[in-house]
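For the sequence shown, the positions run -8 to 230 when my numbering is used.
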Amino acid sequence: MKTGGDFATAADVEAEQAILDVLRTARPDDAVVAEESGRTGTGDNGRTWLVDPLCGTLNFAARTMLTSVNVALRTGSDVTVAASADPFADEVFWTDGTAAYVRSAGTDERLFPSAESTLVDLNLDPPFPNRDVFLAARMLADEGFLEQFRPRVVSTSLAVAWVAAGRRAAYVTDRHDLRNSVHFAAGIALCQAAGCVVTGLDGQPLHAGGDGLVAAADERTHAALLTLIRKQGSRSIRP
């Protein structure tokens, strides 16, 4: 399932195997879609686990310890439970589908989003399938963006969980069909359970098939980001 410049470290493979061993023991009839080994199981019961053993492999390989381990359970068309773990901060962000929490030192604390930091993570990793409409690099140079927000780039979907936790005001990325992505399904579920505003780049709900992701702490932040994205699109279609 790797593409382009992606690669796997031994940690990716070993982490995925450890997760699969747990899932196959506890839920042998469920299907699993994992980044390294692909799809296994039939999923005839309507349950499919999405497993990303190490999101931020390049960070990890460069000894930059900004990574996450993402696991989400899709039941039918909905993600019902999910977790995004930061193995180096020893934190697990998780949701039961109703609310979102972070577990640290054996204690669970409920997550509440906040835009107070004004920090917005932009994903600069290719591919950019909607580059004619939106390109993160263009937003970094947009004066309107810089007047309202402070950009951050960590290159791991851990940053999506940070929006749910109030550590980021928003997260924005391009890509196709992220709600079914092993990288993003867990973070999206966390944001939705925490009460964030979550849509595609076009402002439409992700289940409507919109591309990309705008996960914002509140309506105001979300609306401001959509305005900036639409401005990019209007410029790209001028004669």
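We treat Cβ as the ideally placed atom computed from N, Cα and C, and that holds for glycine.
Helix, strand or coil for THR48 per DSSP?
helix
Among the residues of its own chain, which have a CB less than 8 Å from the CB of GLN195, if the five just before and after it don't count?
GLY201
Meets three-Cβ-pair contact criterion under 8 Å: the region 210 to 218 and the region 159 to 168:
Output reads yes: the region 159 to 168 touches the region 210 to 218.
Where does GLU26 sit, in a helix, a strand or coil, going by DSSP?
coil
Going by beta carbon distance, what residues of the same chain come within less than 6 Å of ILE70, once the five residues before and after it are set aside?
The sequence given here has Val at residue 70, not Ile. Once the five neighbours on either side are set aside, the close Cβ partners of VAL70 are ALA63, ALA176, ALA180.
Alpha carbon to alpha carbon, how far is ASP77 from ARG122? Give it in angstroms, no decimals.
30 Å
Is it a yes or a no for the region 49 to 61 touching the region 139 to 153, going by three-plus beta-carbon pairs under 8 Å?
yes
Could you tell me whether the region 42 to 51 touches the region -3 to 7, using the rule of 3 or more Cβ pairs below 8 Å?
yes
Are the CB atoms of LEU255 and VAL23 nearer to each other than 8 Å?
Examination of residue 255 is not possible in this model, given that the chain is present from -8 through 230 alone.
Quick one: what does DSSP say GLU107 is sitting in, helix, strand or coil?
coil
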